Amino acid sequence: MNIAVVQFPGSNCDQDAFQLFATGLDLPTRFVWHKETKLGDADLVVVPGGFSYGDYLRCGAIARFSPIMGAVKDFSEKGGLVLGICNGFQILCEAGMLPGALIRNSCLEFRCVTCDLAVEDAGTAFNTRVLGRRIRLPIAHGEGNYRIDDAGKAQLEANGQILMRYVDNPNGSMGGIAGIRNEEGNVFGMMPHPDRAFERFHPSSDGIAVARAVLSVRYPDLVRKSA
Amino acid sequence: MKSVPLPANPDPVLNQAITPELVKKHGLRPEEYEQVCAHLGRVPTLTELGIFSVMWCEHCSYKNTRPLLKGFPTEKVGATENFGRVLVKAGEENAGIIDVGDGWAIAFKIESHNHPSAIEPFEGAATGVGGIIRDIFTMGARPVLLTNSLRFGELESPTTKRLLRGVVAGIAHYGNCVGVPTVGGDVYFDRSYEGNPLVNALCLGTLRHDQIRRGAAKGLGNPVYYVGAATGRDGLGGAAFASKELSAESSADRPAVQKGDPFMEKLLIEACLEMMAIPGLVVGIQDMGAAGLTCSTCETASRGGAGIEIELDQVPQRESGMNSYEIMLSESQERMLVIVQKGRESEIEQVFAKWDLHAALVGTVTDTGRMVVTQHGIVVADIPAGALTDNAPVYHRDSKRPAYLDATASWTPHGSSLPDLDLAGAKAALPRLLSHPTIASKRWIYRQYDHMVQHGTVVLPGSDSAVVRLKLGNTEKFIAISNDCNGRYCYLNPKRGALIAMVECLRNLVCSGATPLAMTDNLNFGNPYKPENFYQLKECVSGLAEACRFFDVPVVGGNVSLYNESPEGAIDPTPTVSVVGFIEKEEHITRQFVKAAGLHLVLLGGAPHELGGSQFLGTIHGLKTGDAPAVDLGAEKKLQDFLLSQIRSGRVGAAHDLSEGGLLVAVAEMLFGAGRLGASVDLSVLPAPRLDALLFGESQGRVVVAVAPEDTQALIAAAKAAGVPADDIGTVTETPSLSVRTARGPVEWDVGGLRMGWETSIESAMKRPGIA
């Protein structure tokens, strides 16, 4: 098992994501610099949170042109697992690896709170059977308001691509959507931070279960270990 | 020493004659100008005049406060060989550093950005955060947390709303992007800050002892680098601007407010820490904060006992045609000056190329003791570095006890025939106090700050102190941090008010299970040339110094912000203190919220009995009068030592100190945790000459603790033995109501209703029309 965490200029949850996998799950984890063009051996690529390139222009809009993103895209097209957290989710949407877009929170303010999330039965390993009906994860973003056209939304629902929804919508997201996956089921994006829910003093330890759920799409043993 | 006259400058602006008007415009007094000429042995150039004006302003020189600040203890008497030693003292460098054991240390400091925030709240507050972060990583430390201390006018005022919204958004914008969690703070709303808000920002960083870096230019011929953002015309003379009173014309000074780029700062942090990790490369480093390139060059030269020569044509510039005066006085953000070992230029250049940042070679270290600046081949400034720093003027200002103190200090409720509360009055007063923005939940504010990034925040905002886990190599340590200062007390009794700021801050830390370690202070006062203001300043400093000595909590750094006045007058004196405490074991971490029904509530310190200076008097009676509550340092120490011993013994389930709003506010706040609990409290047995003073008075040295029923007697017995008054005042109940028996009869509140007012008060005031 080999986890690669991408570092962009302005990534600031890179260490958090690294620690979630390295200490929370005890898996070999390493960083990949944005100027690289190759990922090397990886079983999961994590695109972490932060403010890549200052989030100037639009969140994630510049990061998607980083040299490493070509490699990340190739990796996902070959079926590799990719997880985007917060800014990482925004980047994956900008890169066209996930459908929809994330715009300014409807309250027009940044929100850092811990949210109850309703897990959907979205298939493979990311479902209520594995994660339970409710999880609790922190959010911290100014642009987490998920938007997609009606046809796109219908498709997400039909394909079971919605991973989780906010119980109390903090940002105006359409349908309370907090996280989605692609149609193929190997690219995941979520605004909530599993990388802030794994230490004993965190608001919950659900981040570990979420990380396992993503990995267990390819490595089902991980779920059994957590159960 | 006589200087050679400088060559005439072909630029007519730079070459203009220095007139008395020009001197005055630069905020220099005629006698100060005489000193400038004496230091130079000639008349200064315009560039030099600008340099002197910014370096000799209060913000950089502390000319009016230096003698006072000497009274602060800067060393920890009880430090041991491997814990608590002050490694870098206050005033030596950009921030003080204190040993936390195992070869690790913390650097922390608070700094104000009041004036810029009054004019341009968003950028003013944002750059305040950026500036204090640079002060910390300059020392070689990785910034791991931020807090802030804010003061505004009454929340009803549209100006306050605009300022609050802007300041909070600015802090959020910068701190969130740069990836350092804003874990706590304190906020007060009082008329005296109307139009002159206070924005004090603190940053704390961690480092190994061997990573400590100094802002000193040493080694003849060593290259001087400029790294980070390019220089523009923003923030021209910002430090000097901050050393004036605010007036109706202040908005014309808007160009003196800088614009921040947190993304650039994030890159700068990473690049600088990476560069400093290369052994032996960096000789000295200093950020360009107040007074920009001027301050960083002359201070490093002066500290290093060396000289420095810089060539402005090499300075990265954002706009063309900037003259030397503008470049030297610009306060463009996110810039650093770095002196590296000669011959290793390529190493620094490689690091900055990796991060796509400027690293421009702008000068060299000399042995002349002078700061020499050239532009377009012409010397534009040539000044002895010491004249700008150590030899800046120092003043002993006149001080006079303000006349209002006679009236306020002698006020008593009895003397003024203030009617005591009846039960209906008590019933009405509690929700009003809880929803006063100074007491109410600050959720509206802290939910806009990323307070969890770096995944180390243990106690989130909203409790007595923030608690953060520090990862130090392979070990981890827990620290608590708290800010405090009630300006109302300092107005009514400056010395006592300052003592209270300290003891209350320490009490907050102890309530969290921490042993106080060291403090940083931000002295926010009015114009020191007014003797009444200077009296307040002097008294407050002496109060802080006394408390620091008594509790052996050294001052490791701080900031002075004077001229906090608006046309309505000076602010209440506000010596903000921020203390860092150390938590021995994770299980000692204690919160203010009770977790289960059945716990007993024990009041430590005795029944409150004073009304002077209370929030109750202000909110219910519209009075800012009386003497500040009494402080007994010995009793306070006994209380804090006792509380800490009980927390360590595992008996304390929750602890909350009495502060604004007194006993009932404290008890109510303990019920606002996750469980929907209530409390049944009996105060009828406590001595109470006045009911209002018992319920809402702000007598110091009081804490309410929640204790398991089986431990209550043991805790009370231990308190008696320790000489700490302890009264079992009631129990936590399943029923979500707060019922209180008083000598005048019972009174009851629905906790949900109280909580609603407390939680949503600021939110409802700040609601934007049409937005959910």
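Just so you know, the sequences run in chain order A and X. In terms of our numbering, the first sequence opens at residue 1 and continues consecutively. In terms of our numbering, the second sequence opens at residue 1001 and continues consecutively. Cβ atoms here follow ideal geometry from the backbone N, Cα and C, with glycine treated the same way. From a predicted model like this one, the values you see are computed outputs, not experimental measurements.
Is it true that the CB of residue j sits closer than 9 Å to the CB of residue i?
i	j	result
Glu-1326 of chain X	Arg-1233 of chain X	yes
Phe-1072 of chain X	Cys-1203 of chain X	no
Ser-1463 of chain X	Ser-1512 of chain X	yes
Thr-1297 of chain X	Ala-1217 of chain X	yes
Gln-1314 of chain X	Gly-1219 of chain X	no
Ala-1674 of chain X	Arg-1702 of chain X	no
Asn-1524 of chain X	Asn-1564 of chain X	yes
Glu-1265 of chain X	Gln-1333 of chain X	yes
Arg-1214 of chain X	Ile-1285 of chain X	yes
Ile-1762 of chain X	Trp-1444 of chain X	yes
Ser-216 of chain A	Ala-158 of chain A	no
Val-1468 of chain X	Val-1183 of chain X	yes
Asn-182 of chain A	Ser-106 of chain A	no
Ala-1141 of chain X	Ala-1079 of chain X	no
Arg-1318 of chain X	Thr-1231 of chain X	yes
Leu-1562 of chain X	Asn-1508 of chain X	no
Gly-1131 of chain X	Pro-1262 of chain X	no
For residue i and residue j, what's the separation of their Cα atoms in angstroms?
i	j	result
Leu-1644 of chain X	Leu-1623 of chain X	36 Å
His-1376 of chain X	Ser-1053 of chain X	23 Å
Leu-1145 of chain X	Gly-1027 of chain X	36 Å
Asp-1727 of chain X	Ile-1589 of chain X	23 Å
Thr-1047 of chain X	Trp-1056 of chain X	14 Å
Leu-1357 of chain X	Pro-67 of chain A	18 Å
Arg-1488 of chain X	Leu-1537 of chain X	14 Å
Gly-24 of chain A	Arg-200 of chain A	10 Å
Ser-226 of chain A	Ala-209 of chain A	Bear in mind that the predicted position of Ser-226 of chain A carries a pLDDT of just 48, short of 50, making it unreliable; the figure below should be weighed with that in mind. Whole-angstrom Cα-Cα distance: 7 Å.
Gly-10 of chain A	Cys-1177 of chain X	8 Å
Gly-1785 of chain X	Phe-1122 of chain X	Any answer about residue 1785 of chain X is impossible in this case: the structure gives chain X only from 1001 up to 1772.
Gly-946 of chain X	Asp-1484 of chain X	One cannot answer for residue 946 of chain X here, as it falls past the ends of chain X, which runs 1001 to 1772.
Arg-104 of chain A	Ala-1654 of chain X	39 Å
Arg-1755 of chain X	Ala-1628 of chain X	28 Å
Gly-1308 of chain X	Met-1371 of chain X	Note that residue 1308 of chain X is Ile in the sequence shown here, rather than Gly. Cα to Cα, Ile-1308 of chain X sits roughly 5 Å from Met-1371 of chain X.
Ile-1269 of chain X	Glu-1092 of chain X	22 Å
Glu-1021 of chain X	Ser-1578 of chain X	41 Å
Lys-1637 of chain X	Glu-1587 of chain X	23 Å
Please name the residue, chosen from the options, that lies closest to residue i on a Cα-to-Cα basis.
i	options	result
Val-1373 of chain X	X:Thr-1045, X:Lys-1259, X:Ser-1761	X:Thr-1045
Leu-1603 of chain X	X:Val-1579, X:Arg-1066, X:Ala-1719	X:Ala-1719
Tyr-1188 of chain X	X:Ser-1699, X:Ser-1659, X:Val-1086	X:Ser-1659
Leu-1663 of chain X	X:Ala-1426, X:Lys-1442, X:Asn-1200	X:Ala-1426
Arg-1397 of chain X	X:Pro-1736, X:Glu-1532, X:Val-1685, X:Thr-1182	X:Glu-1532
Glu-1539 of chain X	X:Gly-1343, X:Thr-1574, X:Pro-1516, X:His-1621	X:Thr-1574
Pro-1431 of chain X	X:Pro-1384, X:Thr-1619, X:Gly-1130	X:Thr-1619
Leu-1418 of chain X	X:Glu-1546, X:Thr-1206, X:Phe-1534, X:Gly-1612	X:Gly-1612
Glu-143 of chain A	A:Arg-134, A:Gly-185, A:Ile-162, A:Cys-86	A:Cys-86
Ser-1566 of chain X	X:Met-1288, X:Gly-1153, X:Val-1100, X:Cys-1037	X:Gly-1153
Would you grab the beta carbon distance between residue i and residue j for me? Rounded to a whole angstrom, and I think it's under 8 Å.
i	j	result
Asn-145 of chain A	Gly-189 of chain A	About 14 Å; that fails the 8 Å criterion.
Gly-1543 of chain X	Ala-1498 of chain X	3 Å
Met-1336 of chain X	Pro-138 of chain A	Rounded, the Cβ-Cβ distance is 33 Å, inconsistent with contact.
Arg-1042 of chain X	Val-1394 of chain X	That belief does not hold up - the Cβ atoms of Arg-1042 of chain X and Val-1394 of chain X are roughly 24 Å apart, past 8 Å.
Gln-1454 of chain X	Gln-7 of chain A	About 15 Å; that fails the 8 Å criterion.
What residues from chain C crowd round residue i, counting only those whose CB sits closer than 8 Å?
i	result
Leu-1267 of chain X	This model lacks chain C altogether, as its protein chains are A and X.
- [ ] Identify each residue in the stretch 1269 to 1287 of chain X for which the Cβ-Cβ distance to at least one residue of chain A is less than 9 Å, and report them in chain order.
- [x] Glu-1270
Scan the stretch 106 to 128 of chain A for residues whose Cβ lies nearer than 9 Å to a Cβ of chain X and list them as they occur along the chain. Ser-106, Cys-107, Leu-108, Glu-109, Phe-110, Arg-111, Cys-112, Val-113, Thr-114
Query - Interface residues of the stretch 78 to 90 of chain A facing chain X [CB-CB below 8 Å] - result: none
**Cβ-based contacts, 9 Å cut-off: residues of the stretch 1334 to 1361 of chain X near chain A** = Lys-1354, Trp-1355, Asp-1356
**Request:** Mind checking the stretch 128 to 149 of chain A against chain X and listing, in chain order, the residues whose C-beta falls within less than 8 Å of any C-beta there?
**Result:** Within the stretch 128 to 149 of chain A, the qualifying residues are Pro-138, Ala-140, Gly-142.
Q) Between the stretch 1474 to 1486 of chain X and chain A, which residues of the former have CB atoms less than 7 Å from a CB of the latter, in chain order? A) none
Exercise. Using Cβ-Cβ distances below 7 Å, what residues of the stretch 1144 to 1167 of chain X are close to chain A?
Worked result: none
Next item on the list: Check each residue of the stretch 1176 to 1194 of chain X: if its Cβ is closer than 8 Å to any Cβ of chain A, include it; give the result in chain order.
Entry: Asn-1176, Cys-1177, Val-1178, Gly-1179
Problem - chain X contacts from the stretch 170 to 201 of chain A (Cβ-Cβ distance under 7 Å) - result: Asp-195, Arg-196, Glu-199, Phe-201
With 7 Å as the limit, tell me which residues of the stretch 35 to 51 of chain A have their beta carbon closer than that to any beta carbon of chain X; keep them in chain order. Gly-50, Phe-51
Counting only Cβ-Cβ distances shorter than 9 Å, please list the residues of the stretch 1447 to 1458 of chain X near chain A, keeping chain order. Answer set for the stretch 1447 to 1458 of chain X: Arg-1447, Gln-1448, Tyr-1449, Asp-1450, His-1451, Met-1452, Val-1453, Gln-1454, His-1455, Gly-1456, Thr-1457, Val-1458.
Q | Members of the stretch 54 to 69 of chain A near chain X, C-beta cut-off 8 Å | A | Gly-54, Asp-55, Tyr-56
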